[in-house]
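Protein chains: 2
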Amino acid sequence: MGVFEITVLGSSSATPAYNRNPSAQMINLNEHFYLVDCGEATQNQLNKFKIKSAKIDTIFISHLHGDHYLGLVGLLSTLHLNGRTKTMTIVGPPELKDIIDLQLKVSETQLRFPIDFRPTQVDYTEVIFQNNDVIVETIILNHRIPTTGFVFKEVARKRKINTEKLTEYDIPLEYIPLLKNGIDYCDKFGRTIANAELTFAPKAPRSYAYCSDTIYTEHFLDQIEGVDCLYHEATFLHELIDRAKETFHTTALQAGTIANKANVKQLMIGHFSARYKELDLLLAEAKTAFNNTVLAVEGERYTL
Amino acid sequence: MGVFEITVLGSSSATPAYNRNPSAQMINLNEHFYLVDCGEATQNQLNKFKIKSAKIDTIFISHLHGDHYLGLVGLLSTLHLNGRTKTMTIVGPPELKDIIDLQLKVSETQLRFPIDFRPTQVDYTEVIFQNNDVIVETIILNHRIPTTGFVFKEVARKRKINTEKLTEYDIPLEYIPLLKNGIDYCDKFGRTIANAELTFAPKAPRSYAYCSDTIYTEHFLDQIEGVDCLYHEATFLHELIDRAKETFHTTALQAGTIANKANVKQLMIGHFSARYKELDLLLAEAKTAFNNTVLAVEGERYTL
Chain A
467 MGVFEITVLG SSSATPAYNR NPSAQMINLN EHFYLVDCGE ATQNQLNKFK
517 IKSAKIDTIF ISHLHGDHYL GLVGLLSTLH LNGRTKTMTI VGPPELKDII
567 DLQLKVSETQ LRFPIDFRPT QVDYTEVIFQ NNDVIVETII LNHRIPTTGF
617 VFKEVARKRK INTEKLTEYD IPLEYIPLLK NGIDYCDKFG RTIANAELTF
667 APKAPRSYAY CSDTIYTEHF LDQIEGVDCL YHEATFLHEL IDRAKETFHT
717 TALQAGTIAN KANVKQLMIG HFSARYKELD LLLAEAKTAF NNTVLAVEGE
767 RYTL
Chain B
467 MGVFEITVLG SSSATPAYNR NPSAQMINLN EHFYLVDCGE ATQNQLNKFK
517 IKSAKIDTIF ISHLHGDHYL GLVGLLSTLH LNGRTKTMTI VGPPELKDII
567 DLQLKVSETQ LRFPIDFRPT QVDYTEVIFQ NNDVIVETII LNHRIPTTGF
617 VFKEVARKRK INTEKLTEYD IPLEYIPLLK NGIDYCDKFG RTIANAELTF
667 APKAPRSYAY CSDTIYTEHF LDQIEGVDCL YHEATFLHEL IDRAKETFHT
717 TALQAGTIAN KANVKQLMIG HFSARYKELD LLLAEAKTAF NNTVLAVEGE
767 RYTL
């Protein structure tokens, strides 16, 4: 089973504060790299943490508040200047394409690489991206402007062959692909040997849900049920619940509550308001509702 | 005579490199603050160097390559969130307004402060901004897309009264404003006392010219003749003169040549290519043509 790792590049809401940068995360799944949100100076964060931006093949933008995407055109421009030619897939609200197009037009830049733009919408959940490693579904969040989260679900691995049993039952090698797909074996005497006897179950596919920004809502609980790690914004302490509601954000206590109700394995909280220099109270508050909570810390890697 | 000081916030061309940020400079003239260019992460640089962004009242953008303006909307957004209400004057190419408007529209942001947008053009030099302290003229540069530099000319101070002479000639106080404006004094006997005898000349007004980005051109020499400090881009060493021509940039040697021909007092070079980790060769090369050259170093203050 390959690596499934999140590196936090930005954990601040709205503006940079206390050396915290606006939202961005890098997901490494089997050495394929997915950038989720791209606040201003994300390329500086990539440099700082020695992550090669050239490795990124897909970028997911949750919504068009500046703290979630203002670093995108700078990053694309740097990739262009560095000679990238392979396609970049960009997932985000439709107007993001207009912004990219306008900024490239005024700078008279013709990117050396194609962009495969995939517009999100907020009417219903959909599979917005998939490849051999991952299926990505949008999560409809409830924020001031159209916003989606994303669930990254590792593609289920095939069953593993029990080679001893293969020898014991004298099963020809050409049956291996079928066995890996869970098919029972029927021998030349018409006898059926159950697949479960011939193979081992693969490890359960891992999953990561990214929920930022949103007011407290339980409507996507089903979608994030049992994920290995849930990133959920926790902009405020619960004493500022009125401010959270007014700005369509979530408190640390509410993020913990969501994690608890969705039976996730781990909760990562982030998108911290600039009013908090220290984050320990936010962490402690989330933990009162869900103990296995960690802070999104820039430069830290979280392994699923 | 008040302060006239430049703080370099970014000295890198195209992309951030070796902890150098893209172009931005802060000019403090008599405690009024003017931002010149605003590359990505300029607001982080302001934080780093403990310069209050709230003090900025005017922003000048030379052109619409991303490394000169991608930090602007993030900065405006932060000022908005911090409660700014006073007008921000923004000087730049007309399409900059379209970009700002589009980005505010998609984020459904209504700024709390008005923007006084003043479009630049590249057909002829013009006074694009003035107040009691400064007159700012555009410089028509020659780059791949429409680009202007800016000359900041301190408004000439009035003459200073020689109080001893006022007593000696028994000159009434109400004449002082006239004397400060250089008018001669005519006493009750019809005798004229030359202004030069009654007043001291003020210090010469200071001037700063900002020239980025441009291919080598002498057509604006008259405009920058004798400035106290000339900032001129010096993207490459002269061994890459072909690359400089191709990309409409200048070499360090050429920047020194311009400074020499324009008889400026000091040359500051910047906009260094990401290929140069160390900058000493660029400095040495510029100095061969103009000895009083300094490097644009981020966080450094240059006093005129």
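Chain order of the listed sequences is A and B.
Read left to right, the first sequence gives residues 467 to 770 (the numbering used here).
Read left to right, the second sequence gives residues 467 to 770 (the numbering used here).
Even for Gly, the Cβ is constructed at its ideal location relative to N, Cα and C.
- When the five nearest sequence neighbours on each side are left out, the beta carbons in the same chain lying within less than 7 Å of the beta carbon of valine 621 of chain A are those of Asn598, Asp599, Val600, Ile601, Pro671, in order along the chain.
- Between cysteine 652 of chain A and tyrosine 674 of chain A, the CB-CB gap reaches or exceeds 8 Å.
- When DSSP states are grouped into helix, strand and coil, tyrosine 674 of chain B belongs to the strand group.
- Within the segment 694-714 of chain B, no residue places its CB atom closer than 8 Å to a CB of chain A.
- For glycine 476 of chain B against glutamate 764 of chain B, the beta-carbon gap comes to about 6 Å, under 8 Å, which counts as contact.
- At a cut-off of 8 Å, the C-beta of arginine 610 of chain B has a neighbouring C-beta in chain A.
- For the segment 494-568 of chain A, the continuous alpha helix (DSSP H) assignments of 4+ residues that do not extend past its boundaries occur at 508-514, 538-547, in sequence order.
- Distance between histidine 609 of chain B and threonine 713 of chain B, taken at the CA atoms: about 8 Å.
- Residue-level contact check: isoleucine 527 of chain A does not touch chain B, since none of the beta carbons of chain B fall below 8 Å from its beta carbon.
- DSSP lists B/Gly615 as the bridge partner or partners of isoleucine 605 of chain B.
- Within 10 angstroms of the beta-carbon of tyrosine 484 of chain B lie fewer than 16 other beta-carbons, which makes it exposed.
- Beyond the five residues adjoining it in sequence on each side, glutamine 511 of chain A comes within less than 6 Å, by CB distance, of Leu475, Asn487 in the same chain, given in chain order.
- When C-alpha distances from valine 539 of chain A are compared across A/Asp523, A/Asn513, A/Leu632, A/Gly505, the shortest belongs to A/Gly505.
- Under the 8 Å Cβ criterion, the segment 721-737 of chain A counts as touching the segment 677-694 of chain A, having at least three qualifying pairs.
- The shortest CA-to-CA distance from serine 479 of chain B to any of B/Phe515, B/Gln720, B/His698 is the one to B/His698.
- In the three-state reduction of the DSSP assignment, tyrosine 641 of chain A falls in the helix class, which pools H, G and I.
- About 5 Å separates the Cβ atoms of glutamine 491 of chain A and valine 502 of chain A, confirming a contact at the 8 Å cut-off.
- Identification of residues in the segment 506-517 of chain A having a C-beta nearer than 8 Å to some C-beta of chain B yields Glu506, Ala507, Gln509, Asn510, Asn513, given in sequence order.
- Setting aside the 5 residues that flank it on each side, glycine 615 of chain A is surrounded in the same chain by Ile605, Leu607, Tyr676, Cys677, each with a C-beta closer than 6 Å to its C-beta; the list follows chain order.
- Interface residue (Cβ-Cβ distance to chain B less than 8 Å): threonine 723 of chain A is not classified as such.
- In the three-state scheme derived from DSSP, where H, G and I count as helix and E and B as strand, histidine 704 of chain B is classed as helix.
- Counted as a single uninterrupted DSSP element, the beta strand (DSSP E) harbouring isoleucine 472 of chain B occupies residues 470-476.
- When DSSP states are grouped into helix, strand and coil, leucine 570 of chain A belongs to the helix group.
- Within 7 Å of the CB of aspartate 564 of chain B, the CB atoms of chain A belong to Leu568, in sequence order along the chain.
- Bounds of the beta strand (DSSP E) holding threonine 769 of chain B are 767-769.
- With its beta carbon less than 8 Å from one in chain B, valine 572 of chain A belongs to the interface.
- In this structure the segment 753-761 of chain B does not touch the segment 655-665 of chain B; the number of beta carbon pairs closer than 8 Å is below three.
- Glutamate 691 of chain A places its beta carbon 8 Å or farther from that of asparagine 647 of chain A.
- Assigned with DSSP and collapsed to three states, alanine 762 of chain A falls in coil, not helix or strand.
- The beta carbon of serine 478 of chain B does not come within 8 Å of any beta carbon belonging to chain A, so the residue lies off that interface.
- Among the residues of the segment 540-555 of chain A, those with a Cβ less than 7 Å away from any Cβ of chain B are Gly540, Ser543, Thr544, Leu547, in the order of the chain.
- Taking the Cβ atoms as the reference, phenylalanine 470 of chain B lies roughly 4 Å from leucine 770 of chain B, within the contact range of under 8 Å.
- If you draw a straight line from the Cα of leucine 706 of chain A to the Cα of threonine 717 of chain A, it comes to about 8 Å.
- Counted as a single uninterrupted DSSP element, the stretch harbouring isoleucine 681 of chain A is not any beta strand (DSSP E), since DSSP gives it neither H nor E.
- Of all C-beta pairs linking the segment 556-569 of chain B to the segment 554-571 of chain A, three or more are shorter than 8 Å, placing the two stretches in contact.
- The three-state secondary structure of glutamine 491 of chain B, taken from DSSP, is strand.
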